[in-house]
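Visitor:
Protein chains in written order, with the numbering used here: chain G, 338 to 1005; chain E, 24 to 383.
(1) Taking the straight line between their C-alpha atoms, what separation do you get for residue 415(G) and residue 253(E)?
(2) Residues of chain G with CB closer than 8 Å to the CB of residue 158(E), please, in chain order.
(3) Give me the Cα-Cα distance between residue 341(G) and residue 950(G), rounded to the nearest whole angstrom.
(4) Please name the residue in 328(E), 201(E), 304(E), 295(E) whose C-alpha comes closest to that of residue 318(E).
(5) Against chain G, which members of the region 128-156 of chain E pass a CB distance test of less than 7 Å?
(6) Can you find the residues in the same chain that come closer than 7 Å, C-beta to C-beta, to residue 281(E), ignoring five residues on each side of it along the sequence?
(7) Looking only at its own chain, which residues have a Cβ that is under 7 Å from the Cβ of residue 68(E), when we skip the five neighbours before and after it?
(8) From residue 940(G) to residue 487(G), what distance separates their C-alpha atoms?
(9) Residue 713(G) lies in the alpha helix (DSSP H); which residues open and close that run?
(10) Return helix, strand or coil for residue 296(G), following the three-state DSSP convention.
(11) Assuming residue 124(E) is part of the alpha helix (DSSP H), what are its boundary residues?
(12) Give the DSSP-derived three-state secondary structure of residue 347(G) in the structure shown.
(13) Distance, Cα to Cα, residue 159(E) vs residue 183(E)?
(14) Of the residues that make up the region 627-652 of chain G, which ones have a beta carbon closer than 8 Å to any beta carbon in chain E?
(15) Can you give me the Cβ contacts of residue 710(G) inside the same chain, cut-off strictly under 7 Å, excluding the 5 residues immediately before and after it?
(16) Using 10 angstroms around the beta-carbon of residue 119(E), count the other beta-carbons present and answer buried if the total reaches 16, otherwise exposed.
(17) Let me see if you follow: with CB-CB separation under 8 Å, is residue 180(E) close to chain G or not?
(18) Restricting to runs no shorter than 4 residues, where is the alpha helix (DSSP H) found entirely within the region 466-545 of chain G?
(19) Quick one: list the residues of chain E neighbouring residue 486(G), beta-carbon separation under 9 Å, in chain order.
(20) Between the Cα of residue 88(E) and the Cα atoms of 134(E), 36(E), 295(E), which residue gives the shortest distance?
(21) With 7 Å as the C-beta to C-beta threshold (strictly closer), list the residues of the region 469-502 of chain G near chain E in chain order.
(22) What three-state label does DSSP hand residue 589(G) in the structure shown?
(23) On a Cα-Cα basis, can you pick out the residue from 953(G), 367(G), 371(G), 423(G) that is closest to residue 674(G)?
(24) At 8 Å on the CB atoms, spell out the chain G contacts of residue 194(E), in chain order.
(25) Start and end of the alpha helix (DSSP H) containing residue 635(G)?
(26) Using the Cβ count rule (16 or more neighbours within 10 Å means buried), how would you classify residue 783(G)?
(27) Note down the Cα distance separating residue 363(G) from residue 542(G), rounded to an integer number of angstroms.
(28) Determine whether the beta carbon atoms of residue 676(G) and residue 688(G) lie at a separation below 8 Å.
(29) Return the residues of the region 42-56 of chain E that lie within a Cβ-Cβ distance of less than 8 Å from chain G, sorted by chain order.
(30) Taking 6 Å as the limit between beta carbons, can you name the residues of its chain near residue 301(G), skipping five residues before and five after?
(31) So residue 397(G) packs on residue 946(G), CB below 8 Å; how close in whole Å?
(32) Within its chain, find whatever has a CB closer than 6 Å to the CB of residue 1006(G); leave out the 5 residues flanking it on each side and keep chain order.
(33) Look up residue 660(G) in the DSSP assignment and say whether it is helix, strand or coil.
(34) Round the Cβ separation of residue 412(G) and residue 921(G) to the nearest angstrom and send it over; I've been treating them as touching at under 8 Å.
(35) Could you spell out where the beta strand (DSSP E) holding residue 724(G) opens and where it closes?
(36) With DSSP as the reference, label residue 705(G) as helix, strand or coil.
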């Protein structure tokens, strides 16, 4: 590998995760010389978007160092479509339409490189079904499921919150360090509304109950933070047109965000080298231990590069780890499912929140699920992604956090279920040393890009299953086609049932949007056309449920108390086929290193890996504090940014007028 | 779009900006005088009209210039055919540019109506455009007026219009224009097909009385509307637009009362509304016992007073004791809403203008 020409940089950044990328962009814009290295061959680090192929070889990637308990399963005869059309986010996230993430994109100019999809649906699980989140005034007005008193309580709280932002009203001093949930309780909001505000609007994934008991309430949302989150949500609602919701998601996956910031940095002179392992961090030891500083890095080519400041993913900072990660340290359970049809009849991008305790036996925290349609360019046509994340309740098995939810909402074929659970039981005995093992792997990963991983190889049986089924797809051409036809027929069934939603309880549950006056006319039309559609619907049970038929009895037996949504489905026939089939699922636990476990030199900053949050905003807002840490307080705000002007200025008007008059001057 | 000054305030800080603003004024007056001089001399050549367009883009309120443009267009319009359509299209584009900068300019909207009334361009395109405007600025009453103008030209079904207004209200019920449109449409929707039964003919009911009854909004529709405004009241009792619509609904009930029929039905509906107002006031009371939010109790209090008055007038014998309640409410309103204290004094004496008018 050729030498990197200058041997000194103002800032060296290791790893191209989200925070590192924004830091690189901001530093380059501020005129710093930046060298940005990553040992992987792609951008994003723990925030990457990976191809199907890369997911199969996850254990060989550097970011796998913090991933545990990986398990995956593919449904037998599953028609996944073109495997190369898939891309999976290691940390799927959304952006508030008016939050720090948008601010960061616009001030750096990174938005020029990105496209977004609106997340039009925001739902929460009310214990029986998914229901639209009453987030704004118009939602509350239209929502007939809230009692009139709840309506008043909710709206009054939101009004008082707005007043408090302006330093007025009865709650102007209430938004302090007390738990947000306590304040909500004091304001007379019932449990469901508290859950909606805390988990579905402020997007806090941590259960308020566990925060009360646990001594470490660091993750608990304070009233002050809750206020900011709700205000941010209110500003975001409908920012991109009426009914556009409050959230966006990047097209082509979350690592686009990292790449865009990196491109901004590169355009402003930062130097990028991927596939560049680091041999060592070079230290300058001062007289006292706290004067330690990092002088630079030694690359695996032997070249030494000096720098004034260094920022890095935790993966590269194992030298400074002073404590092993404790068993209770933060971890995130994540799951990806490929569905044959959307969970919501609309079929669009949707964010779903399952408050703590939604399903007996599952995660004790709130689960956020992000459904993405093929419009997000992460799946082939007619295949949908459902991505789940939650603070891990069980650090030894991500699958156990999600299975009750998956069973309640999806048709999980037996073989997929087995692949997910088998692994969970296998790792449960040695898993006490799970986090410990991960930190030792981190050390390995720091110096060597390639390493083996016993936990991940444990899932190989499932992986080879996938490969078999992938290989089988082209040769079994005819069955694939027929099952495709089956899926198409299924789509029409769900459409028809969506139209007849009023009569059919199960489809009414999956169609919470069918209450506006405009949809009434659509219903009329669908009902009118349902005769011919129903004919094709009769073919469905035979053609498409072949994979699910074997699965359903076992699934039902495994979960003792299915929520009513599942129980109300009245038979194996047409109704059964309405639930999306989980064609492929993958679960893992992601370890989140704690900054407190590291003793970093003064000129070194740690870029956080993704935690259990579902929005990009908090992580991007934290970059300001990284900048202040490296360059002194106030640096972040003094580093310039490009701002947009919206009003026509006098200068522009003068130009337009002069232009008009110039033309007359010529003729007069 | 609301609560914003129409023009940006002059920036006083930066001398460079001040100079630019001054230059803008000078150039603008030069342009205006040039254009007006030429137009008044009847000079309707292309260059002058282009200059006039520039002027209107800067300031669309110079209605003289719009009128000169109309005159200039008349010649082209008389030719008819594609030339006329093209000319009107170009003129529509100009008004659109002007409206994008100044969406509340009367002169521009008038000009556009005149253009559309020439019937040489597509009306549907206009509807799409005004729908987009009302998405961006949902309370622009110029837009609402223009939309109704189009609907009359197109003879649109009142049911579709009602659905449009309802959707707008669903999105944001703080919209007088949408509620107002509903008041105009509800009557139309329910009176299109006067049903004359055989019984009516046999009983030889006077046709005038039958027609008057036909013009009333039926009870089932009123009940539906009352439910809708109740949802709005609980969402935000401080927002006055649903309360004003509610007042119109009470007027519809009063109109029913004047026919002398269905007295029980009317009284029960009025009492149901009394309960709603009382419940809202009670909720506000428990919420902030010390400093009541004046804005959120003004409308339920006033409406409650009006409901009591209505009950007294509809069924005088059974509700005479309500009078004391009413006086108390008006006294409270004098404190909450001091700017209108005089009005409430008059109202409690019974000498205020009628608060609820029979909506016939």
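Every residue gets a Cβ at the ideal spot worked out from N, C-alpha and C, and that includes glycine.
Guide: Taking the geometry as given:
(1) Their Cα atoms are separated by approximately 51 Å.
(2) 578, 579
(3) 37 Å
(4) Minimum Cα distance to residue 318(E) is reached at 304(E).
(5) none
(6) 381
(7) Cβ neighbours of residue 68(E) beyond the five flanking positions: none.
(8) If you take the alpha carbons of residue 940(G) and residue 487(G), they lie about 52 Å apart.
(9) Per DSSP, residue 713(G) belongs to no alpha helix (DSSP H) and is neither H nor E.
(10) Chain G is shown from 338 up to 1005; residue 296(G) falls before or after that span and cannot be answered.
(11) 104-124
(12) strand
(13) 21 Å
(14) none
(15) 679, 684, 685, 686, 721
(16) Flag for residue 119(E) reads exposed.
(17) no
(18) Within the region 466-545 of chain G, the complete alpha helix (DSSP H) runs of at least 4 residues are 474-479, 485-502, 517-523, 528-532.
(19) 257, 302, 306
(20) 134(E)
(21) Per Cβ criterion, the list reads 474, 475, 477, 478, 479, 485, 486, 488, 489, 492, 493.
(22) coil
(23) Of the candidates 953(G), 367(G), 371(G), 423(G), the one whose C-alpha sits nearest the C-alpha of residue 674(G) is 423(G).
(24) 475, 579, 580
(25) Where residue 635(G) is concerned, there is no enclosing alpha helix (DSSP H), although the beta strand (DSSP E) it sits in stretches over 630-636.
(26) Only weak support exists for where residue 783(G) lies, its pLDDT of 36 falling under 50; the coordinates are left without a value.
(27) 29 Å
(28) no
(29) Considering only beta carbons, the part of the region 42-56 of chain E lying closer than 8 Å to chain G consists of 43, 44, 46, 47, 50, 51, 53, 54, in chain order.
(30) Any property of residue 301(G) remains undetermined from this structure, which presents chain G solely from 338 to 1005.
(31) Actually they do not touch by this definition, with Cβ atoms about 19 Å apart.
(32) Given that chain G is displayed from residue 338 to residue 1005, the structure contains no residue 1006(G) and the question cannot be resolved.
(33) coil
(34) 7 Å
(35) 721-728
(36) Strand.
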